[in-house]
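>
2 protein chains.
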Amino acid sequence: MPVYEDPIDARFLDPVSLRGWTAAVVRRMGTPDDIAADVAEVLLASDRRSIASHGTARLTQYVALVEAGVMDPVARPVVERERPALVLMDAQNGWGHHACRVAVDLAIERARTFGTATVVVRRSNHYGIAGWYALRAASQGLIGVSLTNSSPLVAPTRSRRPLLGTNPIAVAAPAGRFGLYCLDMATSTVPRGRIEVAARRGWSLPVGWALDADGSPATTPDAALAGSLHPLGGEEETGGYKGYGLALVVELLTGILGGAAFGPNVVSLFSTHEGPADLGETFLVIDPTAIDAPGAFEARLETLLQQLVESPTAPGAPGPVLVHGAPEAAAEARADERGIAVDGEHYASLVALGDRLGVPLPSDLVRSQAA
Amino acid sequence: MPVYEDPIDARFLDPVSLRGWTAAVVRRMGTPDDIAADVAEVLLASDRRSIASHGTARLTQYVALVEAGVMDPVARPVVERERPALVLMDAQNGWGHHACRVAVDLAIERARTFGTATVVVRRSNHYGIAGWYALRAASQGLIGVSLTNSSPLVAPTRSRRPLLGTNPIAVAAPAGRFGLYCLDMATSTVPRGRIEVAARRGWSLPVGWALDADGSPATTPDAALAGSLHPLGGEEETGGYKGYGLALVVELLTGILGGAAFGPNVVSLFSTHEGPADLGETFLVIDPTAIDAPGAFEARLETLLQQLVESPTAPGAPGPVLVHGAPEAAAEARADERGIAVDGEHYASLVALGDRLGVPLPSDLVRSQAA
Chain R
12 MPVYEDPIDA
22 RFLDPVSLRG
32 WTAAVVRRMG
42 TPDDIAADVA
52 EVLLASDRRS
62 IASHGTARLT
72 QYVALVEAGV
82 MDPVARPVVE
92 RERPALVLMD
102 AQNGWGHHAC
112 RVAVDLAIER
122 ARTFGTATVV
132 VRRSNHYGIA
142 GWYALRAASQ
152 GLIGVSLTNS
162 SPLVAPTRSR
172 RPLLGTNPIA
182 VAAPAGRFGL
192 YCLDMATSTV
202 PRGRIEVAAR
212 RGWSLPVGWA
222 LDADGSPATT
232 PDAALAGSLH
242 PLGGEEETGG
252 YKGYGLALVV
262 ELLTGILGGA
272 AFGPNVVSLF
282 STHEGPADLG
292 ETFLVIDPTA
302 IDAPGAFEAR
312 LETLLQQLVE
322 SPTAPGAPGP
332 VLVHGAPEAA
342 AEARADERGI
352 AVDGEHYASL
362 VALGDRLGVP
372 LPSDLVRSQA
382 A
Chain Z
12 MPVYEDPIDA
22 RFLDPVSLRG
32 WTAAVVRRMG
42 TPDDIAADVA
52 EVLLASDRRS
62 IASHGTARLT
72 QYVALVEAGV
82 MDPVARPVVE
92 RERPALVLMD
102 AQNGWGHHAC
112 RVAVDLAIER
122 ARTFGTATVV
132 VRRSNHYGIA
142 GWYALRAASQ
152 GLIGVSLTNS
162 SPLVAPTRSR
172 RPLLGTNPIA
182 VAAPAGRFGL
192 YCLDMATSTV
202 PRGRIEVAAR
212 RGWSLPVGWA
222 LDADGSPATT
232 PDAALAGSLH
242 PLGGEEETGG
252 YKGYGLALVV
262 ELLTGILGGA
272 AFGPNVVSLF
282 STHEGPADLG
292 ETFLVIDPTA
302 IDAPGAFEAR
312 LETLLQQLVE
322 SPTAPGAPGP
332 VLVHGAPEAA
342 AEARADERGI
352 AVDGEHYASL
362 VALGDRLGVP
372 LPSDLVRSQA
382 A
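Chain order of the listed sequences is R and Z.
Under the numbering used here, the first residue of the first sequence carries the number 12, and numbering increases by one thereafter.
Under the numbering used here, the first residue of the second sequence carries the number 12, and numbering increases by one thereafter.
Dropping the structure here:
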């Protein structure tokens, strides 16, 4: 599981202050208050959960999309077609975080009436961490599923070219004393960010992570960055065709179902010269109380998780059996207590963006700094 | 991807004849005609698709469950609780194949009305190949998802004990000239059957397939059979915690959601002395025509699959990029043309079962035999 260590040059930022500033930056783009609040909320959730790759470190890139005229900062999602439990929304190329917050809320509302509901969004943009939307349903006692397609980085088994995204799957549910269970996983063995970290640190790569530009196993991060990622399972012998299948199924349920861009036709991540992203995102919500007494589902899930974390561990295990989402929930609690740890590069990007847009960082933003 | 080779000692059996005989065996247990027809249909689908582990080779074990009084051969599933798009059924410990055929048909019917629908089955038994139910929806132009929990064989990441089933995920959808797309995968790196084959053939095992009884990597099939399977992704470093998460999510959506047995509490596969299996199975169906023109979804999926199979291949690839379900569909066509290839052990089990129950094999069953 991911390990969340503070960067050596960490500054600790106040989450409330950072959220307020982020919303101000988004409003500076002409975006209405309520939409900006959604964007800031989702980006901060990522930072607080220590998923630095999907939070305010991306803000400069989002701003560049708006400034280049690629993304519409004022657009609101509209319902395009529907049956009672299946709805297609058109995000009209606005902020993905807002369109998808509206979409998951609609799925939640319909699930309460019909037992389950699915909302598919097209003409959307990057929506941050997939897990946020699943957690929104789980925090209301429901099972939430969140899926998105993304830029082609993953080579299907036997292919030498990246043709599918890292297409994440997030599933969250209430789990009693375990809080909210949350699996939030790319369907590749590792996300591209892990390769970039390995590059900065000069590491070699294990087999099963990535291919080079010729389709041979990549042993160095640089070779991998010029090539493609392996789907979960790695090589064909170790089940990589299953991870390829999962990436394809996410594509099928998002871009293909919703009529958005799909597969190799999705533009590069945060490209400012290839036109709108036209991503597809899908939210599925199930209300367990439709078929059982309130609390019964949570109690069973708590029992199962208890049985898992109590298991005797394998030799060499770095710790006890973990529950998905628990490391991120612990990071969130830490962030709220002592601030969000951001590295120097991330902090500098916030300073530069604030300066350029005339939205200076608040004086109460930095709580403390590593020695 | 799995390779389907004929056994050396293959007999080629007529599918129609074998289906008729299988139904007769099931009726001999006191099972009504329509239920027996469903059981035979699903078992034959597995044999025809070359998934020998889930077809008539299991018939002797199903019969043993009925004879031991563990499974009820006449029970019919009933709707227990429902909202319009989410239904809980009680299979009343009858044949899983029948209960789940009824369940997926109900999900199909409701999905046509509401856009999507989910049916969860509890107090069920083994239902054969997960893919059959997903394909039933796909053959009617819908997206079908089929999930089941199963006996604990998989060790969660860091655990030395098997606590979760190989909990398969099947997703099928119409794909134009590609026929029906069908991903049907265990969430372990390999199913237990692959280890059993390796044992018979004296192979060693790659890292990432299995653990021995102490929780260390199993290098021999015997060590693995005494231990547990790795979730998809293998070791923690190569993403095994994601496969563990997928197995857990399947558990969450089947046994936990439906109030069936779950996780380490599921009885051993085909045990005749641990009581009813009480498995949970879940079927989710989506009607793409609820939100787009008829044929539009299939056309997009066909385009994507075409882009995938046309991809230049990696060095050493054993063939072109494959589409999930295509090898099984080819096996099905072969089986219908020249008969189902069964090995000597499988054939002998059918002869023995027929003799014992007074349901002799039909004279037109064996079409031909390998020299």
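Even glycine gets a Cβ: it sits at the ideal position worked out from N, Cα and C.
Source: prediction; values computed, not measured.
(1) Rounding to the nearest angstrom, what Cα-Cα distance links His335/Z and Gly256/R in this structure?
(2) Got a sec? Which residues, its chain only, sit under 6 Å from Ala385/Z by beta carbon, not counting five neighbours each side?
(3) Under a CB-based cut-off of 8 Å, is Pro287/R close to chain Z?
(4) Taking Cβ positions only, does Ala86/R come closer than 8 Å to chain Z?
(5) Is the Cβ of His335/Z closer than 8 Å to any Cβ of chain R?
(6) Give me the Cβ distance between Glu262/Z and Asn178/Z, rounded to the nearest whole Å; I'm assuming they're in contact under 8 Å.
(7) Name the two residues that bound the continuous beta strand (DSSP E) containing Arg92/Z.
(8) Return the CA-CA distance between Met40/Z and Ser170/Z, expressed in angstroms with no decimal places.
(9) Does the Cβ of Trp214/Z have 16 or more other Cβ atoms within 10 Å, making it buried, or fewer, making it exposed?
(10) Could you work out which residue in Gly226/R, Asp58/R and Ala63/R is closest to Ala328/Z when comparing CA atoms only?
(11) Would you list, in sequence order, the uninterrupted beta strand (DSSP E) runs of no fewer than 3 residues that lie entirely inside the segment 77-156 of chain R?
(12) Among Ser61/R, Ala271/R and Thr42/R, whose alpha-carbon lies nearest the alpha-carbon of Ala342/R?
(13) Per DSSP, Pro242/R is paired with what?
(14) Can you tell me the Cβ-Cβ gap for Asp303/R and Gly270/Z, rounded? I've got them flagged as a contact below 8 Å.
(15) Check whether the Cβ of Ala118/Z lies closer than 8 Å to any Cβ atom in chain R.
(16) Are Val132/R and Gly254/R touching if we call contact CB-CB under 8 Å?
(17) Apply the 10 Å Cβ neighbour rule to Pro173/R and answer buried if 16 or more other Cβ atoms are within range, or exposed otherwise.
(18) Relative to the alpha-carbon of Thr124/R, which residue among Gln103/Z, Val113/Z and Leu97/Z has its alpha-carbon at the smallest distance?
(19) So Gln103/R and Val89/R are supposed to be a Cβ contact under 8 Å. How far apart are they, rounded?
(20) Relative to the alpha-carbon of Thr200/Z, which residue among Val277/R, Glu248/R and Arg188/R has its alpha-carbon at the smallest distance?
(21) Can you tell me whether Ser282/R is helix, strand or coil according to DSSP?
(22) Determine, using beta carbons only, whether Ala325/Z comes closer than 8 Å to chain R.
(23) Can we say the segment 206-220 of chain R touches the segment 181-196 of chain R, given the rule of at least three CB pairs closer than 8 Å?
(24) Using 8 Å as the limit for Cβ to Cβ distance, is Tyr15/Z near chain R?
(25) At the level of alpha carbons, what is the spacing between Val74/Z and Leu361/Z?
(26) Confirm, please, whether the CB-CB distance from Pro299/Z to Ile140/Z is below 8 Å.
(27) Leaving aside the five residues before and after Leu372/R along the sequence, list all residues of the same chain whose C-beta is less than 8 Å from its C-beta, in chain order.
(28) Can you pull out the residues from the segment 361-373 of chain Z whose beta carbon lies closer than 9 Å to at least one beta carbon of chain R?
(29) Using 8 Å as the threshold, is the C-beta distance between Ser162/R and Gly176/R below it?
(30) Quick one: give me the first and last residue of the alpha helix (DSSP H) that Thr314/R is part of.
(31) In chain R, which residues lie less than 8 Å from Arg30/Z when you measure between Cβ atoms?
(32) Compare the beta carbon distance of Pro167/R and Leu240/Z with 8 Å and say whether it is the shorter of the two.
(33) In whole angstroms, give me the CA-to-CA distance for Pro305/R and Pro287/R.
(34) When the Cα of Val85/R is compared with those of Thr71/R, Asp44/R and Ala51/R, which residue comes out closest?
(35) Please list, in chain order, all residues of the same chain as Ala272/Z whose beta carbon is under 8 Å from its beta carbon, the five residues on each side excluded.
(36) Applying a beta-carbon distance threshold of less than 8 Å, which residues of chain Z neighbour Val132/R?
Let me spell this out:
(1) 7 Å
(2) What the structure shows of chain Z is the stretch from 12 to 382, and residue 385/Z is not part of that stretch, so it cannot be assessed.
(3) no
(4) no
(5) yes
(6) 6 Å
(7) Val89 to Arg94
(8) 41 Å
(9) exposed
(10) Gly226/R
(11) 89-94, 97-101 and 127-135
(12) Ser61/R
(13) Ser199/R
(14) 6 Å
(15) no
(16) no
(17) buried
(18) Leu97/Z
(19) 7 Å
(20) Glu248/R
(21) coil
(22) yes
(23) no
(24) no
(25) 12 Å
(26) no
(27) Trp32, Leu361, Val362 and Gly365
(28) none
(29) yes
(30) Ala307 to Val320
(31) In chain order: nothing, as chain R lies at least about 29 Å away.
(32) no
(33) 43 Å
(34) Asp44/R
(35) Asn160, Gly266, Val278, Ala288, Asp289, Leu290 and Gly291
(36) By Cβ distance, chain Z contributes nothing, its closest Cβ being about 11 Å from Val132/R, past 8 Å.
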